[in-house]
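Presented below is the structure to which this report refers.
Numbering (the numbering used here), first residue to last: 15 to 478.
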């Protein structure tokens, strides 16, 4: 709209300049005509003086026809000049530049009856009408532009008010969110004081600990198997040991311990020693109280109730705190735990009719170091596994009589791919599973198991 106004104003100025140029050309033409008439009169006067002297006429000179004809033009030019001067003065009095309409007014006042003046007046009047139309057009556009700018101003003011209102609402919401964040931060600090710092261990660290413990169990059983000699034991002692082994590992394993083939029996003894050590380590890792069965049962019931009513992280942290404090109180019982492991391994030897050769010599010392290593790793795994609060990690050891599952178990000494329909004789290494929502289990370490078919007479007597 501003460009339209500029173009319109420029056209008005141009038309005004054109009108002034026409007035100047007319003034020059009238001046030229006046000079021509004056020259013609001078020639006529000289010629009349040469021809004769008019004595019979009035001595008063009469104007010539050229002079008479030029008189209205001179008067018109004079009137126009005076009109321009008067127009300028009246325009200055009114506080605006002169225009064609002012010229028309001056000419109307001077010579309203002159025909040439009337023509000039009509021409100036037409110019005044055109200028007035241009001015009205410009005023209309300026008025329209002003209305548009006023509407735009109102819209911008409304948008500004709306934006300011949104900013105020956002500031209020930010303040409320900040207060809520501060409250939650304080609650988090309070809960952290209860839960303690986050664990520096990960699931992978626990997996490595389980694998390391399984390797030490195998090394201990292999060392013991290499140190055995046949002995004729007390039948009562053998029967009692066999009964204990049946309850602990099952009938198929105990039957293999009485095999007439020495190689088969020795292989079965090594697997049974490994299974017995794994069983003892699993019980240590999963026990709440190592020295009291009554306390163990009470803690298990309490933890089950907490797991049902509280989130998993709360239950896991409570378990970690309880086990840590109970373990600190049971540090003095390491000797009793060592004796218990040795007793369980001795039951295997008694049931199979074997004894440790050079029990008090170098071989006995090596076995003692192996037992101490297994005990240390078991207690360490029990402590570390409780620090994982993101999920509950449990060690598993399949028992005899359970169906084989290739997804969660690994068969030892299996010829080909074992069938899932086969039966497990015993587990010989610990497995590790992650439990979520008290029902979902994900296997992290598959436990190794010995199938019942491996103890058949045709099975291999050596361990791969």
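Glycine included, C-beta positions come from ideal geometry on N, C-alpha and C.
In this text, all values refer to a predicted model and were calculated from it rather than measured experimentally.
N-terminal and C-terminal residue of the alpha helix (DSSP H) that residue i is part of
| i | result |
| --- | --- |
| residue 479 | This structure gives no information on residue 479, because the portion of the chain shown stretches from 15 to 478. |
| residue 317 | 307-323 |
| residue 282 | 276-300 |
| residue 263 | 249-263 |
Beta-carbon gap between residue i and residue j smaller than 8 Å
| i | j | result |
| --- | --- | --- |
| residue 381 | residue 259 | no |
| residue 391 | residue 217 | no |
| residue 287 | residue 359 | yes |
| residue 369 | residue 267 | no |
| residue 291 | residue 235 | yes |
| residue 411 | residue 232 | no |
| residue 365 | residue 252 | yes |
| residue 351 | residue 407 | no |
| residue 418 | residue 465 | yes |
| residue 488 | residue 432 | Because the chain in this structure spans residues 15 to 478, residue 488 falls outside the shown range and cannot be described. |
| residue 283 | residue 393 | no |
Integer Cβ distance of residue i from residue j, believed to fall under 8 Å
| i | j | result |
| --- | --- | --- |
| residue 367 | residue 247 | 6 Å |
| residue 375 | residue 409 | Between residue 409 and residue 375 the Cβ distance is about 34 Å, and since that is not below 8 Å, they are no contact. |
| residue 463 | residue 455 | In fact, because the Cβ distance is near 17 Å, the residues do not count as touching under 8 Å. |
| residue 361 | residue 255 | 5 Å |
| residue 395 | residue 227 | 6 Å |
| residue 386 | residue 450 | That pair is no contact at about 35 Å. |
| residue 321 | residue 334 | Actually they do not touch by this definition, with Cβ atoms about 13 Å apart. |
| residue 377 | residue 241 | 5 Å |
For residue i: DSSP bridge partner residues
| i | result |
| --- | --- |
| residue 406 | 449 |
| residue 152 | Answer is none; residue 152 lacks a bridge partner. |
| residue 462 | 424 |
| residue 243 | 369 |
| residue 354 | Answer is none; residue 354 lacks a bridge partner. |
| residue 417 | 437 |
Continuous beta strand (DSSP E) stretch holding residue i: start and end
| i | result |
| --- | --- |
| residue 441 | 438-441 |
| residue 379 | Residue 379 -> not in any beta strand (DSSP E); alpha helix (DSSP H) instead, spanning 376-399. |
How about the region 395-407 and the region 325-340: do they share at least three Cβ pairs that are nearer than 8 Å? Remark: three or more beta-carbon pairs, one from each stretch, lie closer than 8 Å, so the region 395-407 and the region 325-340 are flagged as touching.
Cβ contact (3+ pairs, closer than 8 Å) linking the region 302-313 and the region 455-467: At 8 Å Cβ cutoff, the stretches do not touch.
Could you tell me whether the region 323-337 touches the region 267-282, where touching means 3 or more Cβ pairs closer than 8 Å? Pairwise C-beta distances place the region 323-337 out of contact with the region 267-282, as fewer than three of them are shorter than 8 Å.
Specify whether the region 260-269 and the region 434-450 touch according to this definition: at least 3 beta carbon pairs, one from each stretch, less than 8 Å apart. Yes, they touch.
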